[in-house]
Amino acid sequence: MSTANGKTVSLVPGSGGAQGLAHIGVIHWLEENDFKIKSIVACSIGAVIGGIYAAGKLDVYEQWVRASTKIDIVTLLDLSWEKSGLVRGEKLVNTPVGLVGEKPIEDLPI
Numbered sequence: 281m282s283t284a285n286g287k288t289v290s291l292v293p294g295s296g297g298a299q300g301l302a303h304i305g306v307i308h309w310l311e312e313n314d315f316k317i318k319s320i321v322a323c324s325i326g327a328v329i330g331g332i333y334a335a336g337k338l339d340v341y342e343q344w345v346r347a348s349t350k351i352d353i354v355t356l357l358d359l360s361w362e363k364s365g366l367v368r369g370e371k372l373v374n375t376p377v378g379l380v381g382e383k384p385i386e387d388l389p390i
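Each step along the sequence shown adds one to the number in the numbering used here, with nothing skipped, and position 55 is 335.
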């Protein structure tokens, strides 16, 4: 997998919540500079951004993030007083799934 100019890269976005927005900017820069992302390896928010990119839905996700307010984000925290943790995370996971759909990673082109 190489572009006409041969510039390919493996994307390795990291974890860290708010850094996910920086990952979006890096992906845009790579595309604007004619790099072809040939593989993605990530964890936490990096895996979310990488998976959404691989699914071809980064623009949809970016529009949602940019339109979200602090209140919108707080409402995604489904608090739980159970032993398993303070936040269940179901809303945090289901929101991106609702935006981009459910696709097994093995079916994605990257």
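For each residue, glycine too, the CB sits at the ideal point set by N, CA and C.
Keep in mind the model is a prediction, meaning the values are calculated, not measured.
query: On the premise that K337 lies in contact with V380, defined as a C-beta separation below 8 Å, what is that separation, rounded to the nearest angstrom?
result: Residue numbering aside, residue 380 sits at position 100 when the sequence shown is read from its first letter. Residue numbering aside, residue 337 sits at position 57 when the sequence shown is read from its first letter. With a Cβ gap of about 4 Å, V380 and K337 count as contacting.
I320 burial status per 10 Å Cβ neighbour count (16 or more: buried):
As a first step, residue 320 is located in the sequence shown; it is residue number 40 there, counting from the start. Classification for I320: buried.
With a threshold of 16 other CB atoms inside 10 Å of the CB of H303, please say whether the residue is buried or exposed. For this step, residue 303 is matched to residue 23 along the sequence shown. So H303 counts as buried.
Q. Should G330 and L301 be called a contact, given that it needs their Cβ atoms to be closer than 8 Å?
A. Start at 1 with the first residue of the sequence shown, and residue 330 comes out as number 50. Start at 1 with the first residue of the sequence shown, and residue 301 comes out as number 21. Cβ atoms of G330 and L301: not closer than 8 Å.
Beta-carbon within less than 8 Å of K371's beta-carbon, same chain only, minus the 5 sequence neighbours each way: which residues are those? In the sequence shown, the residue the question calls residue 371 occupies position 91. Close CB contacts of K371 within its chain, under the 8 Å cut and outside five residues either way in sequence, are with T355, L356, L357 and D358 (chain order).
Query - Supposed close pair S295, I325 - CB separation, criterion 8 Å - result: Against the sequence shown, residue 295 aligns to sequence position 15. Against the sequence shown, residue 325 aligns to sequence position 45. So it is a contact: roughly 6 Å between Cβ atoms.
What residue from D352, P389 and V289 has the CA that sits closest to W309's CA?
The count along the sequence shown starts at 1 and reaches residue 309 at position 29. That would be V289, whose Cα lies nearest to the Cα of W309.
Can you give the beta carbon distance from P389 to A327, rounded, assuming they're within the 8 Å contact cut?
-> Counting from one through the sequence shown, the residue named residue 389 turns up at place 109. Counting from one through the sequence shown, the residue named residue 327 turns up at place 47. Not confirmed; about 17 Å, so no contact.
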